[in-house]
Amino acid sequence: MARYLLLRTGQATLVLWAAFTTAYVLLQLLPGDSILIKFQNPELGLSPQQIAEIRARYDGGASPLAAYATTLLGFLRGDFGYSVDTGTPVVERLAEALPATATLAGAGFLLAVLIAVVIAFAAGYSRTSWIRGALLAVPSLFVSVPVFWLGILLIQVFSFRLGLVPVIGGSEIQQLILPVLTLAVPIAAPIAQILARSIDRVQAQPFVPVVAAKGASRWWILWRHVARNAALPALTVAGLTFGELIAGSVVTETVFGRNGIGRLTEQAVNAQDTPVMLAVVVLATVVFVVVNLAVDVLFPVLDPRLRTAVA
Amino acid sequence: MLAVAGLLGACGTGPAEGSSNGPAAADGKPVYGGTLTYLEHQPPTCLYLPAAGFYPNGGILNQITDKLTWQNPKTLEIEPWIAAKWEINEDATEYTFHLRDGVTFSDGTPLDAEAVAANFDVYGLGDEKLKLPVAEFVNNYERSEVVDRLTVKFHFTKPSPGFLQGTSVIGAGLVSKKTIALPYEEQCQLKNIIGSGPFTVKNQIVDKQVDLAVRKDYDWAPPSSPHQGRAYLDEIKIIVTPEDNVRVGALTSGQADFVRYVQAYDEETVKSAGFTLYAEPTRGVNNGLYLRPGNSFLKDRDVRKALQAGTDAKEVVETLFTPSYPVATSVLSHLAQGYVDLSKELAYDPGRANALLDKAGWTRGTDGVREKDGRKLQLGVFVSGPQPLSKQTLELIGQQWSEIGVKLEIRPADAGTQAVDIKDAEKTAVSHSMVGRADQDVIKSHFHSQNRDVILSDDKELDRLLEEESAEPDTAKRNAKVAEIQRYVIDQGYAIPLFEEPQVYGGAPYVHGVAFEAVARPWFYSVWKSARN
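Here it is, written out as structure tokens:
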């Protein structure tokens, strides 16, 4: 197990370095830069020469390779540099944005899993074919609803029309309800689909009639025997939906005017704020790698057959 | 989107008092207290005062800073504010301001001659070491002179008749000596801006919300304001709400009191729900297309004149906008100083456009696009982020131009590419822009090769005219110069004015006393809320 963890950690480090380097190179290749975008503001009335002077003050005229090395070393020390757009340290901006997004994404993910489990189990338990069909159609519907549209629709109906939750003002919890729902729906869809399919597959296996013949109830079989076996593929997919959580939070945070990593990303992209974009890429990679590592480690816990394989 | 709009239309549950147009007059007796919830479209950027022209910045700074003078938005006259009176020498190279006594910044320091001098030294000269750039509204600044505690004198190298108005603009807000001595990056941050205005910053969640609290000891409103003393409101909550229909929906459902940037297609929703629409003019250079003579196709005046004649501004307004957006009749808004009506010169005439292009040697290719020497008549333009419905406007004009055989290549407003290509007349032949400021100098800001230079001008004659205008101390002569410049710009085909761009706000019927500065930034000093019904 220790060797396995070591190996996976090594892989993860490599992935992180590759993501950092790719993002760094791509961001350098973009036309223009944040200094030009910021200081070309006509109200400031700066000449191209003055802008060039400002730029020299910012990057100190280091060679590309040296600049890369400095940035990489900075990241290793946890120093992500300064946002060109606002002049604040990137770490500060991330620290401000992270808790809001973590709450939103965490709650959205939990709700998504809950929705997925309810749909999959209800479909697996149901014997009426039309109810089953209807339940299984729900994920396809969910996955095709654009997050943006869903957010607007929820606001219009539940806030503006029915007046149940305020979008402007309101408590912390009230401000979370609609965004979490918006984010959870598209994430729930793939998890529900995979879970429902694996429940079907496991239910078709020979051990199920055997357990039934021993007198177990349908609910007992579904919960104790089928669910454990069916959870593995769903877990993998759940780990992969993390990317969608980030993408979804960009849209959700914009629609609901919430602060967070999503809004920060959107603004950094608009202003081509390279240090912020780089930090966001690295942060997303870290979380992605950690989540997938956690999923891999959880596998043997859920499935005894996998324990010997990695030991 | 259509379904959403339908829903919106159906959910006018707000207090319906019948629609009213224009600012709600102070009907009934004003009451003190209450919080105004104001929804902004975008978060503020850098709050260094000379960069305050950006509306989200101005919306905050206008509440927390005062200016030396007050420009009456109706008459455009300059009236006393922090400066009780002033003298200007004959050729407008020396300005002496006598300040009102007893004014303090919110950090307790006095707003005296020294503080004013420190402010304008930075606005006029910039500061290399602190990375503070010069402000657009100050020309030919030489130095300040503190005559006594409440008297400050400014010296100019050349006549600067625009300076008096310059002291009233949003960017000329006065800040404490502590603020003005900070480096640029620090002055960008709201928490460091200490002003003398009727409100102070109470709390800020960066990019999301700014809470302003009333300054109870405020007692130096412009003398011409009917309301004096502290502001009526206790608090203003400025909340960034980027989504258009969330802003409008929040207003009409009673969750917000005031919103900025009501899109043209949402105006009817606001009005029909019984809410007030404020379409405030910006009194400057009109929203339009500006043609760059440095482009190898556009260096031919005939081509520029053809594009001017082949653009139907009226169709643009009638298709995409509302009566809040008056069709342009000159380069300048009809409310600008020195405006002259040139609507005859700007009449839509595709026949003449085609004739001009034929004459210039451009012949139609098989695809309908004109060609000359194997090159297609194709012009690039960027979608302009700050302009309302810029993409749709450009698409419609692209259709109009295709009828005269010109292809308009519309590119999305990706900030990086735009920053690189916007100064390249070959790649960006046309600029879609406008600028608001209620002074004759606005036209110089827009066209002079040392200012915004939207047409990347190589026209010495134009620069000369603009410099003459900005150095002319006599108002009548200056207005005549502005008229001459408008004629020249239209005659040379540098501009295709489209409409007079307003700032459109929506307000609840129980919000009274909303005022705006001359370029449509809200001033909440005399706002009060009556009971909702």
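Protein chains in written order, with the working numbering: chain C, 99 to 409; chain E, 579 to 1111.
Idealized CB from N, CA, C, for every residue including glycine.
These figures come from a predicted structure and were not determined experimentally.
Put simply, of E/A629, E/N781, E/A931 the residue whose alpha carbon is nearest the alpha carbon of E/C766 is E/A629. Sixteen is the threshold: since fewer than 16 other Cβ atoms of the shown chains lie within 10 Å of the Cβ of E/P804, the residue is exposed. Across the set E/D844, E/K1005, E/A906, E/V826, the C-alpha of E/K1005 shows the shortest separation from the C-alpha of E/G872. In the same chain as E/P820, and ignoring 5 residues on each side of it, the C-beta atoms closer than 8 angstroms to its own belong to H619, Q620, in chain order. By the criterion of at least three beta-carbon pairs nearer than 8 angstroms, the region 748-760 of chain E is not in contact with the region 1053-1072 of chain E. For E/E987, the enclosing beta strand (DSSP E) stretches over residues 985-989. Runs of alpha helix (DSSP H) with 4 or more residues, each lying fully within the region 611-695 of chain E, are found at 633-642, listed in chain order. In terms of Cα proximity to C/V236, the closest of C/R101, C/Q291, C/L128 is C/Q291. Boundaries of the beta strand (DSSP E) around E/Y856: 854-859. Counting along the chain, no beta strand (DSSP E) covers C/T168; the unbroken alpha helix (DSSP H) around it starts and ends at 162-175. Here the alpha carbons of C/V385 and C/L362 stand approximately 17 angstroms from one another. Residue-level contact by beta carbon holds for E/A828 and chain C, with a gap shorter than 8 angstroms.
Under the three-state reduction of DSSP, E/Y903 is assigned to coil, being neither helix nor strand. Residue-level contact by beta carbon holds for E/N823 and chain C, with a gap shorter than 8 angstroms. In the three-state reduction of the DSSP assignment, E/V1013 falls in the strand class. According to DSSP, C/V324 shares a beta bridge with no other residue.
Put simply, the backbone Cα of E/I638 is about 13 angstroms away from that of E/N770. Within the region 997-1061 of chain E, the beta strand (DSSP E) runs of at least 3 residues that lie entirely inside it are, in chain order, 1008-1013.
The closest CA to that of E/D1036, considering only E/S1027, E/R1042, E/I660, E/G963, is found on E/S1027.
With distances taken between CA atoms, C/A193 lies nearest to C/G358 out of C/G358, C/V380, C/L396. The beta carbon of E/K954 sits closer than 6 angstroms to the beta carbons of V947 from its chain, once the five residues preceding and following it are set aside; these are given in chain order. At a Cβ-Cβ threshold of 8 angstroms, E/N932 and E/I975 do not count as neighbours. Neighbours of C/P264 in chain E, taken as residues whose beta carbon is under 7 angstroms from its own, are Q833 in chain order. Judged by DSSP in its simplified three-state form, C/D131 adopts coil rather than helix or strand.
Contacts with chain E at 8 angstroms (Cβ-Cβ) do not include C/S242. In this chain, the beta strand (DSSP E) harbouring E/E949 covers 948-950. Below the 9 angstroms Cβ cutoff, chain C contributes no neighbours of E/V895, its closest Cβ being approximately 25 angstroms away. Listed in chain order, the non-local C-beta contacts of E/V694 below 6 angstroms within the same chain comprise V730, local neighbours out to five positions each way being set aside. Take C/F207, set aside five residues on each side of it, and the residues of its chain with a beta-carbon closer than 7 angstroms to its own are I285, L343, in chain order.
DSSP, read as helix, strand or coil, puts E/R1110 in coil. Under the 8 angstroms Cβ criterion, the region 369-380 of chain C counts as touching the region 127-137 of chain C, having at least three qualifying pairs. Between E/E858 and E/Y1083, the gap from beta carbon to beta carbon is short of 8 angstroms.
Just measuring C-alpha positions, the residue of E/D726, E/K937, E/L703 sitting nearest E/T674 is E/D726.
Beta-bridge annotation (DSSP): E/A1093 is paired with E/W1101. Contact annotation: C/L320 and C/V393 have beta-carbon atoms that are not nearer than 8 angstroms.
By the rule that beta-carbons nearer than 8 angstroms mark a contact, C/L279 does not touch chain E.
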